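In what follows, a structure is listed as structure tokens, so that the remarks can point back to it.
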Amino acid sequence: MYCWGSTVHGELGLGGIEHDQIFAPIEHTFKYASNVSQVTMGENHTVMLTKSGEVFSCGNNDLDQLGHKKQRTKPEKVEGLDFYRITKISCGGNHTLAFNEWGQLFGWGSDSHGQLGFNGTTQPLPKIIKSLATFHIVQISCGKNHSLALTNNGELYSWGGNYDGQLGLGMRSEYEKQPTLIKSLLGIPIAFIACGSNHSFALSKSGAIYGWGKNTYGQLGLNDEENKLHPTQLKTLRSIRVKYIACGEDFSAFLSADGGVFTCGAGMYGQLGHGSTSNEILPRKIMELMGSTVTQVSCGKRHTLALVPSRGRVYSFGLGGGGQLGTRVKTNCSTPQVVLGPWVSPSGVPVITDKKKTSENVLVTHIFSGGNQSFVTVVPYKANIHPEDNRIFKEKTQILTIKPDKISQCRKTKPGDPVDEDLFLYMETVFRSQAAINGSFLLSNDDHYCCTVKNHGVDLNKAENIFSEIARIENQSICDLIWDGLTEHVIPSLPLNPVDIESLRCYLILPLYHQFENPRNCDKLQAVFGKKLLGIKSDCSKIIGLWWSVMTSDYFERLVRLYKDVVSYHLRSLKPEQENKYFAESTIVALDVLAFLNGLNNSVENLKVPYDTFYLPELRDVIDVRVDYVKWLADNSAPGTKLFFCNYPFLFDAEAKTSLLQTDQVLQMQTAMSQALPRLVTQLFAPFIGMSGEQFLTLHVTRENIVQNTIDQLANYDSRDLKKPLRVKFLGEEAEDAGGVRKEFFMLVLREVLDPKYGMFKNYDETRTIWFSEVSFEDELMYFLIGLLCGLAIYNQTIIDLPFPLALYKKLLHEKVTLKDLKGLSPTLAKSLQDLLDYTEPDLPDVFCLTFDITRDIFGEIKSMPLKENGSKIIVTQENKKEFVDLYVDFILNKSVHQHFTAFFNGFHKVCGGKVLGLFHSQELMTLVVGNENYDWEEFERNAEYKNGYTKKDHTIKLFWEVFHELPLEEKKNFLLFLTGSDRIPLQGMKAITIYIQPTNDEKYLPVAHTCFNLLDLPRYKTKERLKYKLCQAIKQNQGFSLV
25 MYCWGSTVHG ELGLGGIEHD QIFAPIEHTF KYASNVSQVT MGENHTVMLT
75 KSGEVFSCGN NDLDQLGHKK QRTKPEKVEG LDFYRITKIS CGGNHTLAFN
125 EWGQLFGWGS DSHGQLGFNG TTQPLPKIIK SLATFHIVQI SCGKNHSLAL
175 TNNGELYSWG GNYDGQLGLG MRSEYEKQPT LIKSLLGIPI AFIACGSNHS
225 FALSKSGAIY GWGKNTYGQL GLNDEENKLH PTQLKTLRSI RVKYIACGED
275 FSAFLSADGG VFTCGAGMYG QLGHGSTSNE ILPRKIMELM GSTVTQVSCG
325 KRHTLALVPS RGRVYSFGLG GGGQLGTRVK TNCSTPQVVL GPWVSPSGVP
375 VITDKKKTSE NVLVTHIFSG GNQSFVTVVP YKANIHPEDN RIFKEKTQIL
425 TIKPDKISQC RKTKPGDPVD EDLFLYMETV FRSQAAINGS FLLSNDDHYC
475 CTVKNHGVDL NKAENIFSEI ARIENQSICD LIWDGLTEHV IPSLPLNPVD
525 IESLRCYLIL PLYHQFENPR NCDKLQAVFG KKLLGIKSDC SKIIGLWWSV
575 MTSDYFERLV RLYKDVVSYH LRSLKPEQEN KYFAESTIVA LDVLAFLNGL
625 NNSVENLKVP YDTFYLPELR DVIDVRVDYV KWLADNSAPG TKLFFCNYPF
675 LFDAEAKTSL LQTDQVLQMQ TAMSQALPRL VTQLFAPFIG MSGEQFLTLH
725 VTRENIVQNT IDQLANYDSR DLKKPLRVKF LGEEAEDAGG VRKEFFMLVL
775 REVLDPKYGM FKNYDETRTI WFSEVSFEDE LMYFLIGLLC GLAIYNQTII
825 DLPFPLALYK KLLHEKVTLK DLKGLSPTLA KSLQDLLDYT EPDLPDVFCL
875 TFDITRDIFG EIKSMPLKEN GSKIIVTQEN KKEFVDLYVD FILNKSVHQH
925 FTAFFNGFHK VCGGKVLGLF HSQELMTLVV GNENYDWEEF ERNAEYKNGY
975 TKKDHTIKLF WEVFHELPLE EKKNFLLFLT GSDRIPLQGM KAITIYIQPT
1025 NDEKYLPVAH TCFNLLDLPR YKTKERLKYK LCQAIKQNQG FSLV
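Just so it is clear: in the sequence shown, position 788 is 812 by our numbering, and no numbers are missing.
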């Protein structure tokens, strides 16, 4: 071991030497020097720890900081620790802390500011700190008059002087005599702690740095000079992957994973190493050390040491008046200088050429500095021992985490067997600790560093595997311990205002616990977790949402299922006839969590899970959704004071929503809307018996002039009349409208108004969709008519062929349209814009050559339209490309078609005005209008009914289904069109279509479809071939109606 610097008080432990300062490293004469593992220094005293766990001290002992009464100028053994194996020591200004292998913490020296936790009493000998006796300490750090201790469950305690807020407790005081938990850091898996004289740091496992306390020189690196009472994150170093922090009196040094050193704070003696004596309020990299990989850094009061093991060199900079730089001169240095010590590089080359020959060359293994002195430990060159690396955390210094081998040990513990005491203590510790859980499943290779909105850093596969094993533990004592830890400690203590997003990882991990799948646990588990999620500050809620939305579909679907099960569990306890139904708080929380998840699902492109994942069909068995809707409409109370399931419409399946639509139709048709609610409810569900002609919306049209006939007649009806059931009569034709005529009416009138010859809409061949033309010669009345027809189709439950993309329905429901909606029109254009967003090179303007304008073909003439004022002069760059894309999408889907869409919107809402459509998802609304293609032909066959002599076992029926299932998809769709008037299926799915088949005797005829009733007249064909031929001929004829 070598040392240098001030020894005025004997702090170097060299005995009674003549000089008070040593300006170059000299070998220490301490008999256990080769066995020293750590040296820590206060203002004027030094404490040494040997590998065998013994503690020695020397230097000033005016305040009993040495822990013994022996001579001061040489290291003497600290008394009272003979029965303990000490593993870590730390010195404050005039006090010392140490803990043993069992995590028990001892202190001695001055307690004038409560820095020992002994109520202000000076301690001449080591004494256990009783207030922390029940904790297992893994790290300690001392400031001038304050102390920090990190426990193995991730809790950080502080005590002592607090005049600058260095305890991080959110308030300033003269001192705090008892160790106090820093609550704001709960949940953060802390990897390292450090103290300066009056400031403190904590470093998380993922590289987040929190600083607090004195900051008058910028030593916290927060770009200001204000003291901080709370732990405050140093965000400028978030992406640097800091691994170690060292602090001097009023400055700080940070060691990164790549071996770079950053410093900030007081620089008047050059201790920052930047070649100047200026202070730095932001961490700045020491350029003179670039190209070298620093593995250790250590700070004295006003000087700094850095070790570059690849060169075998120790560098020093800062105050040098006491010889603490080891450069043989009594001057300060503001740039790193080589310490002139008698050691060699890894290749065996001496650091200094005038080195005297010794019996054995040595390598530096560890550097230590404090006060105005410095130490290094060395090993023989031939021993082939590598220097320690501050960038690598030793496992014994880290908080506990959930380990696979421990869970495996739990699984091996059989039911009824006693649990190993150490295992029990370990499991109790980790499953009661947010920090332990947060730090247990981090991505490997430091990929978890820089926890951000886009990188949560959690290895979900690892977490799922561990929790899968936990679910298989059979010993009830261990199961109860885990349950109690999570439900009584971890989840209730989740912070509503966390200091950093790193603590939010629990929201990804905890739902993997298998007890979440049991809805009976809702009051203690799902509801408590849900309340924390719903109560957390909005910024954090958004981050959790973003993390959940990038999880796998299976993970996301599991979250939905967990909370749907809670609602279902409660619903099962209710009776349908029960009038005043009571809903527990856990049910309401579950509903609100599902609403949160539904919002996330709608926010991602193409949905995370199908929207019907949220459906709760059993809701209709307990809740009359029609009554719920009526009461919801009439309610005037403050939001959230009453539970209405209409506030959670995503739970309603297709049948429930169809029922609500019918209910709304009845409500809209009532002429006495102002009457009292009780009378309205009694009339609401009466069937349409004996309706007069005035109770229908009846249109008389001709095939030749169908559009004008429709416009002329609809103009005579007000909004209320339009809600009546529609009946259509084609003049000169015999068919009475029982549904089929209405279907054909919609088909013919829409075919006419959507004809490209009118130029009202632009066709997109790529997606076979249409969109409003930017310029049209047609009157807005035509757009109004199409919107009106769309609304009529909904109210009359008729599927129509309206090839708009999803964007139309989102706009009708006031949902925001984005780039992903443009993809529904033109995938090529959308991809081009996405490519622009994804391009990160600085030459974007040269590559894309874009300005803030858009060119359009207006009747053969190319026109340029600005996306913003002077857009043609504004070049698209990396900085404004997002704005360009947003404006481009907004122009195509909104601005350029505003007038036409507004007319369509007004027509649509003249029929569909009211709150009922707000209960629909845009995709559901689209399906309501145009149907979908979720065909289930087996279901189609199962739903079939047979009349007038046919049964499913009949020979002709068997032949029919054989032929039908062998048809190609397009032919099956044509048959559906032939039978029902549409080749698409309604919102409720295939189960909503029932085909009725009845026989006719003469097989010379073709099958006949009665579209009004989904009725098929099927002759009793004898052979499969003949049936197939006749059926294929029939389905080509799908226009015109006959009487049944």
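All residues carry an ideal CB built from backbone N, CA and C; glycine is no exception.
Note that the coordinates shown come from a computational prediction; the quantities given were computed from them, not determined experimentally.
Residue j beta carbon less than 7 Å from that of residue i
i, j, result
"residue 254", "residue 184", "no"
"residue 613", "residue 554", "yes"
"residue 673", "residue 837", "no"
"residue 167", "residue 219", "yes"
"residue 786", "residue 797", "yes"
"residue 725", "residue 776", "no"
"residue 1054", "residue 1030", "yes"
"residue 909", "residue 874", "no"
"residue 327", "residue 343", "yes"
"residue 839", "residue 946", "yes"
"residue 628", "residue 562", "no"
Rounded straight-line distance, which links the Cα of residue j to that of residue i
i, j, result
"residue 751", "residue 850", "38 Å"
"residue 383", "residue 400", "For residue 383, the pLDDT reaches just 45, beneath the cut-off of 50, and the residue's location in the model is therefore unreliable, although a value from the coordinates is still provided. Cα to Cα, the separation comes out at about 19 Å."
"residue 345", "residue 37", "19 Å"
"residue 537", "residue 181", "30 Å"
"residue 453", "residue 876", "59 Å"
"residue 758", "residue 721", "19 Å"
"residue 338", "residue 854", "58 Å"
"residue 99", "residue 494", "51 Å"
"residue 127", "residue 245", "32 Å"
"residue 30", "residue 86", "17 Å"
"residue 524", "residue 124", "32 Å"
"residue 148", "residue 96", "14 Å"
"residue 1064", "residue 723", "Reliability of the predicted coordinates at residue 1064 is poor, the pLDDT of 40 falling under 50, and the value obtained from them is presented with this limitation in mind. If I take the Cα positions, the gap works out to 17 Å."
"residue 588", "residue 638", "8 Å"
"residue 430", "residue 846", "52 Å"
"residue 935", "residue 729", "23 Å"
"residue 1049", "residue 988", "12 Å"
"residue 222", "residue 232", "21 Å"
"residue 924", "residue 807", "6 Å"
"residue 26", "residue 292", "28 Å"
"residue 748", "residue 643", "29 Å"
"residue 77", "residue 122", "10 Å"
Bridge partners - residue i, DSSP secondary structure assignment
i, result
"residue 890", "877"
"residue 882", "885"
"residue 362", "339"
"residue 970", "1021"
"residue 93", "DSSP output for residue 93 lists no bridge partner at all."
"residue 333", "None, per the DSSP bridge assignment."
"residue 310", "None, per the DSSP bridge assignment."
"residue 57", "DSSP, once it has assigned bridges, lists no residue as partnering residue 57."
Close Cβ partners of residue i (< 6 Å) along its chain, the five nearest in sequence each way excluded
i, result
"residue 1039", "1020"
"residue 34", "82, 83, 96 and 97"
"residue 1059", "998, 999 and 1002"
Same chain, Cβ closer than 8 Å to residue i, five either side skipped, listed in chain order
i, result
"residue 716", "Residue confidence for residue 716 is low, a pLDDT of 39 falling below 50, so the modelled location carries little weight; the figure read from the coordinates is stated next. Excluding residues within five positions, none has a Cβ falling inside 8 Å."
"residue 368", "336, 374, 375, 385, 386, 387 and 405"
"residue 802", "782, 783 and 784"
Neighbourhood of residue i by C-beta distance below 7 Å, restricted to the same chain and skipping five residues each side
i, result
"residue 1088", "Here the chain covers residues 25 to 1068 and nothing more, so residue 1088 does not appear."
"residue 951", "1011"
Exercise. Where in the segment 793-861 do unbroken runs of the alpha helix (DSSP H), each at least 4 residues long, occur, reported from the N-terminal end onward?
Worked result: 804-819, 830-836 and 843-846
Problem set entry | alpha helix (DSSP H) segments (min. 4 residues) lying fully within the segment 484-522 | 484-494 and 500-508
For this session: Taking only runs that begin and end inside the segment 412-466, name each unbroken alpha helix (DSSP H) of 4 or more residues, in chain order.
Result: 428-436, 445-454 and 458-462
Exercise. Along the chain, which unbroken stretches of the alpha helix (DSSP H) at least 4 residues long are found entirely within the segment 590-627?
Worked result: 609-627
Problem set entry | Any beta strand (DSSP E) of 3 or more consecutive residues that is wholly inside the segment 922-990 | none
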